[in-house]
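Worksheet: the structure to be examined is printed underneath.
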Amino acid sequence: MVGIIVLQIVLIILNAIFSSAEISVISMNETKIKQMAEEGDRRAEKAVLLLEKPAKFLEAIQAAVTFAGLLSGAFVAVYFAELAKSAVMEVFAGKMIASEQVIYGVSVIVVTLILTYVNLLFGEILPKRAAMSKSEDDAFKMIGILFLVAKLFAPLAGLLHISSNIFLRMIGINPEEEQEVVTEEEIRMMLAEGKEQGTIQKEESKMIQNVFEFNDTTAEQVSTRRRDLVCLNLEDDAQEWEKTIRECRFSHFPIIDSNQEDVVGILDTKDYFRSEDKSKEYVMKNAVDDPYFVPENMKANILFAHMKKVRIYFAVVLDEYGGMSGIVTLHDLVEALVGELEEEEMPAKPEDIKKIKEDVWRIQGCAQLDEVSEALGVEFPEVFDTFSGFVWDAIGRVPAEGEKFSLEVNDLKIDVKNIENHMVDYAIVRKVKKRGSNEADI
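In this text, residue positions in the sequence shown follow full-length UniProt numbering: the first is 1, and each later residue adds one.
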């Protein structure tokens, strides 16, 4: 009996070693292990050999674990089942509670359940959980044993591998077909979980999300819109150009012709200020580059790669009619990936929609009308893209530069505080009680 108990303990210990070693190796940092192997670490070299073919390694370990389980069932379970049967028959001697075969069968089931519990607890669950909390140095101590077991059971694992491939092909599955290890959706789910658990910061999660969305983003979406641009007019004199350049302090300026639609060049302020001659003729020849045009629907990732390749910082975005709808810089594309970059001496950009108090908002003219609708809970016509466009339509005219006015429309009182470039700069918007008709006080 002592020998059988010792055999069971040995089998549990072997099972525990195999299970913990398996988890230890799988959880190792593969990049670090390869670096250590290149530096001549023998244990790391063995670990690399195991990690290079994880399927075969896992099959060998599984074969070893199964072998230990079979030995336990073949010898230990049968032995203790016989003991249990004899004990039951002795207790109930002379009483026919069941046949000997039934008693033996029940004994086998009970003993197997008990041994399964003991094997799972001490041979699988506890060793694996302990291995997950161990350091890589502790895991390295098991490499030699694991490598030996993998070699010892390699023939059996190879036979199992071939057999499984044959059966998979019989049911129409190609075992050699490579499958995508991790999908974009799985990474997004891991990001969400990591963010929830606090292991991934909000900024880190946002940046990775931006990388996935970058391929679906268009040039139009990252561009600075035409209404927000400061351009140099080809018909203005050199003094007017210099005044605009010094006041606005941008690195590049589009130069437009008399119809204010066609871009004829891009002025680089570094070249402009390097030159002592500020005449238009000299500037046009030495500080102005040809414009690089891109369509609105061009994907941001393609545009980014091309602008880096040809070393272009500034691109002009054209709409479907060939007119300029905006501009895109490398700075804009980088911001689409990493988030907004605050520039030195640049004032913070106000929020497009900011709630001041109950039923009162400060709204920028460039705010998207669908976002305004969602924030205020008010329906707007779908023909307008921005809040400024909606106000234009409501007053029925082009507002003058610097003008201030108020109007009531859609159960809202809109106090426009400033007009810049004939567009609404910002307005204070209040919800008002319903009236019989819309009215405007302009």
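C-beta atoms are modelled at their ideal positions from N, C-alpha and C, and glycine is treated no differently. It should be emphasised that the depicted structure is a prediction, and the values quoted were computed from it without experimental measurement.
What does the Cβ neighbour count give for Val-10, buried or exposed, with the cut at 16 atoms within 10 Å? exposed
Below 8 Å on the Cβ atoms is my guess for Asp-415 versus Ala-427; work out the distance and round it to an integer in Å. 6 Å
Assuming Phe-387 is part of the alpha helix (DSSP H), what are its boundary residues? 387 to 395
Measuring only the C-alpha atoms, how far is Val-76 from Glu-100? 20 Å
Using the C-alpha atoms, what's the distance from Leu-407 back to residue 444? This structure leaves residue 444 out entirely; the chain is present only between 1 and 442.
Terminal residues of the continuous beta strand (DSSP E) containing Gln-364? 360 to 364
Can the beta-carbon of Phe-387 be found less than 8 Å from the beta-carbon of Val-424? yes
Cutting at 6 Å between CB atoms, please list the residues of its own chain near Thr-112, excluding the five before and the five after it. Ala-77
Mind checking whether Leu-333 and Ala-300 have CB atoms under 8 Å apart? yes
Between Gly-326 and Ile-256, what straight-line distance do the alpha-carbon atoms span, to the nearest angstrom? 12 Å
Put Lys-433 into one of helix, strand or coil per three-state DSSP. coil
DSSP state of Asp-441, grouped into three classes? Since pLDDT at Asp-441 reaches only 45, below the 50 mark, its modelled position is unreliable, and no value is offered.
Our contact map puts Ala-336 next to Asn-210 with C-beta atoms below 8 Å; I'd like the distance itself, whole angstroms only. 6 Å
Which class does Asn-233 belong to by DSSP, given the choice of helix, strand or coil? strand
Measuring CB atoms only, is the stretch 186 to 194 touching the stretch 284 to 301, in the sense that at least three cross pairs come out at less than 8 Å? no
For the alpha helix (DSSP H) holding Asn-210, just list the boundary residues, first then last. 202 to 214
Per-residue burial, Pro-350 [other beta carbons within 10 Å of its own, 16 or more giving buried]: exposed
Roughly how far, in whole angstroms, is the beta-carbon of Phe-153 from the beta-carbon of Ala-60, given that I think they are within contact range, below 8 Å? 4 Å
Bridge partners for Gly-326 per DSSP, in chain order? Arg-225 and Val-317
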